[in-house]
């Protein structure tokens, strides 16, 4: 059995409301990691999934994770 350890990372999320009233959320340290929601809360919820996908993709591609 292989024992795995998980690290916890904290990312800065930038929130910005656009002219249509939607909220854009992005993580500057993760290239291409962004999403949007109709409310701030929704955008923050969605960015959690986006971060997970971005980090999983980095691991799958063998990119270094140096945060």
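Numbering (our numbering), first residue to last: -3 to 63. We put the beta carbon where it would ideally sit given N, CA and C, even for glycine. Note that this is a predicted model, so its numbers are computed, not measured.
Neighbourhood of residue i by C-beta, 8 Å cutoff - its chain only, sequence neighbours within 5 removed
{"i": "residue 40", "result": "9, 11, 21, 33"}
{"i": "residue 19", "result": "11, 12, 13, 32, 33, 34, 35, 36, 38, 39"}
Start-to-end residues for the alpha helix (DSSP H) that takes in residue i
{"i": "residue 40", "result": "36 to 56"}
Continuous beta strand (DSSP E) stretch holding residue i: start and end
{"i": "residue 33", "result": "30 to 33"}
{"i": "residue 26", "result": "That residue, residue 26, is in no beta strand (DSSP E); it is neither H nor E in DSSP."}
{"i": "residue 12", "result": "10 to 13"}
Integer Cβ distance of residue i from residue j, believed to fall under 8 Å
{"i": "residue 55", "j": "residue 29", "result": "Wrong, their Cβ atoms sit about 14 Å apart, outside the cutoff."}
{"i": "residue 42", "j": "residue 35", "result": "In fact, because the Cβ distance is near 10 Å, the residues do not count as touching under 8 Å."}
Whole-angstrom distance between residue j and residue i, CA atom to CA atom
{"i": "residue 63", "j": "residue 5", "result": "8 Å"}
Cβ neighbours of residue i in the same chain (closer than 6 Å, five flanking residues each side left out)
{"i": "residue 60", "result": "none"}
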